[in-house]
Ligand code: DGL
C-alpha cells in the first residue's frame, strides 16, 4: 500500500491536449508520480452533448480514483471541466483541479487594454463557463469569445501547420482579431500546439496565453495545502504512466513528440461506453 504522498496525480483529456498541462506539471514537480488518460477512442469532446462529456469525465475520474489510486485529479480538458468540474469536486474523495479558473487568471494578468479573447471548443464556449469565470473575478474587461470547431482534429492528425489549418484559423479568428483584443486565451488544451498558426492570424501584438503553467501552480499549491506533495527528500524522479482508449501505438508516437521523452510508452485504457 503506497503512502498517500507517493500516490500519483491523475490527469485526463479527450486526447493529446492535456499533455500541454502534463508538461508544465512534470517540469514544475518532477518528483510527482503521474497517470494520464487520453480518451482518443471517443475524441473529440467539443462537438458532443454536455451529458455525454459529463458521463465520460465521471467514468474516467472514477477509474483514476479506483483503479489507479490517485491522490488528486487534474481535469486537463476545458470541455470536460466546463460541464463536470463542480460535480467531480463534490463527489470524489480527492481534490479535483480544473483549467478554466487558472486560464482566466493568466489572461487577466497579461491584458493591458482590457479587451480579451477566449477561444475553445463548441462545447466550452456554448457552456458559458468562461463568461462566468471572468465575471466571478469582477474584472472590468470586454470579452470576445469564439468556438473553433476543427482545430482539435488538426492537432490529433498532427497537422499543426500548413495552408489548410491556416485557412480555417483565418476564418474562425478574424472576428476576434477585429475586436481589438490584446490578449487571447487558448481555452482548449489542444490549442497551444497551434500557437504558430494562431499567432500568424492574430498578429504579433496579441499575446497568446494558456492555462498550463497556471494550472500546474494551482496543483502545487493544493498538494502543499493538503499535505500530500511527494517528499522533497525523495531523490527519485516521478513515474509517468500514459493510457489511451484509442490507438495506443499512435498515442505513444505522437504523444512523445508533443510531450517529450517521459512518454516512452502508452497502455490501453478500456472505456465502458462509446
Ligand atoms: N483538449 C480539450 C479541451 O480542452 C478538447 C477537446 C475536444 O476533444 O474537442 O477542451
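In my numbering, the protein residues as written are 1 to 274.
Every residue gets a Cβ at the ideal spot worked out from N, C-alpha and C, and that includes glycine.
Below 6 Å CB to CB, which residues in the same chain sit around residue i once its five sequence neighbours on both sides are set aside?
{"i": "residue 20", "result": "189, 192, 212"}
{"i": "residue 218", "result": "97, 102"}
{"i": "residue 104", "result": "133, 134"}
How many Å lie between residue i and residue j at the Cα?
{"i": "residue 120", "j": "residue 74", "result": "18 Å"}
{"i": "residue 199", "j": "residue 186", "result": "11 Å"}
{"i": "residue 130", "j": "residue 27", "result": "27 Å"}
{"i": "residue 18", "j": "residue 38", "result": "8 Å"}
{"i": "residue 168", "j": "residue 264", "result": "33 Å"}
{"i": "residue 237", "j": "residue 182", "result": "39 Å"}
{"i": "residue 154", "j": "residue 160", "result": "6 Å"}
{"i": "residue 79", "j": "residue 178", "result": "26 Å"}
{"i": "residue 255", "j": "residue 156", "result": "10 Å"}
{"i": "residue 208", "j": "residue 214", "result": "14 Å"}
{"i": "residue 66", "j": "residue 92", "result": "10 Å"}
{"i": "residue 7", "j": "residue 13", "result": "20 Å"}
{"i": "residue 241", "j": "residue 249", "result": "14 Å"}
{"i": "residue 171", "j": "residue 149", "result": "11 Å"}
{"i": "residue 276", "j": "residue 51", "result": "Only positions 1 to 274 of the chain appear in this structure, which leaves residue 276 out of reach."}
{"i": "residue 5", "j": "residue 70", "result": "10 Å"}
{"i": "residue 137", "j": "residue 107", "result": "12 Å"}
{"i": "residue 216", "j": "residue 49", "result": "28 Å"}
{"i": "residue 63", "j": "residue 273", "result": "13 Å"}
Terminal residues of the continuous alpha helix (DSSP H) containing residue i?
{"i": "residue 114", "result": "Careful: residue 114 lies outside any alpha helix (DSSP H) and carries neither H nor E."}
{"i": "residue 258", "result": "248 to 259"}
{"i": "residue 198", "result": "195 to 202"}
{"i": "residue 186", "result": "It is not in any alpha helix (DSSP H) - residue 186 instead sits in the beta strand (DSSP E) that spans 183 to 186."}
{"i": "residue 100", "result": "100 to 110"}
{"i": "residue 86", "result": "78 to 91"}
{"i": "residue 23", "result": "19 to 28"}
{"i": "residue 123", "result": "122 to 127"}
{"i": "residue 95", "result": "That residue, residue 95, is in no alpha helix (DSSP H); it is neither H nor E in DSSP."}
{"i": "residue 212", "result": "212 to 225"}
Considering residue i, what are the terminal residues of the beta strand (DSSP E) in which it resides?
{"i": "residue 13", "result": "9 to 13"}
{"i": "residue 38", "result": "34 to 38"}
{"i": "residue 145", "result": "142 to 147"}
{"i": "residue 207", "result": "207 to 209"}
{"i": "residue 43", "result": "Counting along the chain, residue 43 falls outside any beta strand (DSSP E), and DSSP gives it neither H nor E."}
{"i": "residue 240", "result": "240 to 244"}
{"i": "residue 73", "result": "72 to 75"}
Compute the beta-carbon to beta-carbon distance between residue i and residue j, rounded to the nearest angstrom, for a pair I have assumed lies under 8 Å.
{"i": "residue 259", "j": "residue 22", "result": "6 Å"}
{"i": "residue 139", "j": "residue 125", "result": "Not really, about 19 Å apart at Cβ, beyond 8 Å."}
{"i": "residue 56", "j": "residue 123", "result": "Wrong, their Cβ atoms sit about 11 Å apart, outside the cutoff."}
{"i": "residue 173", "j": "residue 201", "result": "5 Å"}
{"i": "residue 165", "j": "residue 206", "result": "Wrong, their Cβ atoms sit about 18 Å apart, outside the cutoff."}
{"i": "residue 83", "j": "residue 54", "result": "5 Å"}
{"i": "residue 100", "j": "residue 81", "result": "5 Å"}
{"i": "residue 223", "j": "residue 72", "result": "7 Å"}
Looking only at its own chain, which residues have a Cβ that is under 8 Å from the Cβ of residue i, when we skip the five neighbours before and after it?
{"i": "residue 220", "result": "28, 29, 229"}
{"i": "residue 245", "result": "37, 38, 39, 40, 41, 42, 268, 269, 270, 271"}
So, at 7 Å on beta carbons, what are the nonlocal neighbours of residue i in its own chain, with the 5 sequence-adjacent residues on each side left out?
{"i": "residue 111", "result": "141, 182, 183"}
{"i": "residue 231", "result": "5"}
{"i": "residue 118", "result": "130, 143, 145, 185, 187"}
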